[in-house]
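Take a look at the structure set out below.
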Amino acid sequence: MKCDVLVAGGGPTGCVAAAHMAGELDVKVLEEHSRIGEPVQCAGLVTPRVVEMASANDAVLNTIDGAYIHFPGGRVIELQGNEVKAVVVDRGEFDRRCALLAEKAGAEVLTGRKVDSLERTADGLRVRASEGELDCRAVLAADGYRSSVARSLGLGQARDLVRGLEVDLRSRAEDQRKVRVFLGNDIAPGFFAWAIPCGDLTRVGLCVSRDRGTPQDYLPRLLEAQGWSQAERVRTYSGAIPLGHIPITYADRLLVAGDAAGMAKPISGGGLFTGMTAGKLAAETFLTAFRSGDLSEKKLSFYQEGWKAVYGKELRNSYRVRKVFVRMCDRDLDKVGARLDNAKAKAVLATGDIDFPTAIAPGLLKACPSLLTIAPLLIFRLLWR
Ligand SMILES: Cc1cc2nc3c(=O)[nH]c(=O)nc-3n(C[C@H](O)[C@H](O)[C@H](O)COP(=O)(O)OP(=O)(O)OC[C@H]3O[C@@H](n4cnc5c(N)ncnc54)[C@H](O)[C@@H]3O)c2cc1C
2 MKCDVLVAGG
12 GPTGCVAAAH
22 MAGELDVKVL
32 EEHSRIGEPV
42 QCAGLVTPRV
52 VEMASANDAV
62 LNTIDGAYIH
72 FPGGRVIELQ
82 GNEVKAVVVD
92 RGEFDRRCAL
102 LAEKAGAEVL
112 TGRKVDSLER
122 TADGLRVRAS
132 EGELDCRAVL
142 AADGYRSSVA
152 RSLGLGQARD
162 LVRGLEVDLR
172 SRAEDQRKVR
182 VFLGNDIAPG
192 FFAWAIPCGD
202 LTRVGLCVSR
212 DRGTPQDYLP
222 RLLEAQGWSQ
232 AERVRTYSGA
242 IPLGHIPITY
252 ADRLLVAGDA
262 AGMAKPISGG
272 GLFTGMTAGK
282 LAAETFLTAF
292 RSGDLSEKKL
302 SFYQEGWKAV
312 YGKELRNSYR
322 VRKVFVRMCD
332 RDLDKVGARL
342 DNAKAKAVLA
352 TGDIDFPTAI
362 APGLLKACPS
372 LLTIAPLLIF
382 RLLWR
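Have a look at this one:
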């Protein structure tokens, strides 16, 4: 087999990239699993702009316009937005919509094909996959958090990782328009837990830092504490999210995008917006490079400038917030809760955009200057660097 661009991984990042370049280039997507979108490893909470990027309205299960934040000491802060802030998607269906976009544009999406290894040849790359060899002129590594493709060509690994576990419970949440977020070192150390309403089901899950135990240690406790331990478990999902992107996301004939590059947002773990945006930018970079006949590292470096221009600052700031957050004890978290529990701060929080969570930092500090006393160094960096 031969093609112009081989996309390793048929997730949303790879398929969106394929959809954007297949009109002009011969593109093949190799997905190791036999069905696109399975197994699901996601809570499926995204902004409406992400649904638009995938033309995936049919995958939407619910819309969300607010949140309840549960602090470890028992305080609950209710946030009410004045518009739809997020939607809940059926992640399997969402991925299949992305694959359909790629196929409609002319890409070949091949399932049950695992990329085993990659080597450079005189005029391209040779990919060894489960069904044989394939020669291509360039590769997009979109093979998710375990990415072996980028690593095999010498690009690094994300700095950090959280592991997650989630169940769909047969239990109808009273408030269908708000997600619940649970904070605390006994609940989800190094990250947070969530409950997302989806009609007659509630999606309950959590992630924990890799050095703080496993999510299996914590989920039963959360279910017990919230009175969900008897609810029927309709489906269980697990997975991991790499955080802290790899420093270089390009090489000769190679780009890396999405979880393979550790592009998920370090505060929330959301990786669909960043991955799909990077996929589109990777496709545009390849198109320009192929038109000029130059697939060198230098030419492809524009890709990194592109994604950094959209959300590089957000990832940098979010990672700093995460570094402080993981060091906070429950008392610190409760102090934050106490300072945020006022009308002005809640009004600012309710305007937040989950794709750019740190953008509200200046407004929040103005509304709530006492936050400065909790993490002055972090706040200084967020505002002035
Ligand atoms: C518990 C949990 C909850 C989450 N919740 C959210 C959320 O609510 N919102 C959000 O935006 N993000 C969420 N995420 C993160 C999100 O799932 C990822 O960021 C997103 O899937 C990244 O997309 P991707 O296409 O880069 O990678 P993936 O979706 O992982 O796709 C990579 C694909 O590559 C395939 N693959 C891997 N290796 C090979 C190989 N060698 N050959 C061929 N194919 C291969 C895999 O099978 C997979 O299909 C969550 C993650 C977890 C674990």
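Heads up, the sequence shown is in the numbering used here, so the first residue is 2 and it goes up one at a time. Just so it is clear, CB atoms sit at the ideal spot from N, CA and C, and this is done for glycine as well.
- By the beta-carbon neighbour count (other beta carbons within 10 angstroms, threshold 16), G200 is exposed.
- Relative to ligand 1, the beta carbon of T14 is positioned inside 6 Å of a heavy atom.
- One Cα belongs to G271, the other to A9, and the distance between them is close to 21 Å.
- Around the C-beta of R254, 16 or more other C-beta atoms lie within 10 Å, and the residue is accordingly described as buried.
- Burial state of S319 is buried, judged by a 10 Å Cβ sphere holding 16 or more other Cβ atoms.
- If you check the CB distance, L334 and P40 do not come in under 7 Å.
- At a threshold of 6 Å, Q42 counts as near ligand 1, since its beta carbon sits closer than that to one of the ligand's heavy atoms.
- Secondary structure at C4: strand, using DSSP grouped into helix, strand and coil.
- H21 carries a helical assignment under DSSP once its states are collapsed to helix, strand and coil.
- In this structure A18 touches A284 by the C-beta definition: roughly 5 Å separates them, less than 8 Å.
- Beta-bridge partners of H71 (DSSP): V77 and F183.
- Looking at the backbone, the Cα of F326 and that of R76 are separated by about 18 Å.
- L154 has its alpha-carbon roughly 9 Å from the corresponding atom of R121.
- Short note on K115: C-beta closer than 6 Å to some heavy atom of ligand 1.
- As DSSP reads the structure, W195 sits in a beta bridge with V182 and G206.
- Boundaries cannot be given for R254, as no alpha helix (DSSP H) includes it and DSSP labels it neither H nor E.
- Secondary structure note for L31: its beta strand (DSSP E) is the uninterrupted segment V28 to E32.
- Runs of beta strand (DSSP E) with 3 or more residues, each lying fully within the segment 267–320, are absent.
- By the CB criterion at 7 Å, S302 and Y238 fall outside the cutoff.
- Of the candidates T286, R323 and E53, R323 places its Cα closest to the Cα of L162.
- One alpha carbon belongs to L373, the other to S35, and they sit about 51 Å apart.
- A distance of 7 Å or more separates the beta carbons of V349 and A362.
- Positions of the alpha helix (DSSP H) runs, each at least 4 residues long and wholly inside the segment 93–165, are given as 150–153 in order along the chain.
- L365 and A346 have their C-alpha atoms spaced approximately 6 Å apart.
- Put simply, of E167, V90 and L166 the residue whose alpha carbon is nearest the alpha carbon of E53 is V90.
- Within 6 Å of the C-beta of L288 there is not a single heavy atom belonging to ligand 1.
- By the neighbour-count criterion, in which a residue is buried when 16 or more other Cβ atoms sit within 10 angstroms of its Cβ, N343 is exposed.
- Note that the segment 15–30 does not touch the segment 58–71; fewer than 3 beta-carbon pairs, one per stretch, sit closer than 8 Å.
- In the three-state scheme derived from DSSP, where H, G and I count as helix and E and B as strand, R340 is classed as helix.
- In the three-state reduction of the DSSP assignment, V51 falls in the helix class, which pools H, G and I.
- Membership of R328 in any beta strand (DSSP E) is not indicated, and neither H nor E is assigned to it by DSSP.
- Between I78 and the set D331, R340 and A57, the nearest pair of CA atoms involves R340.
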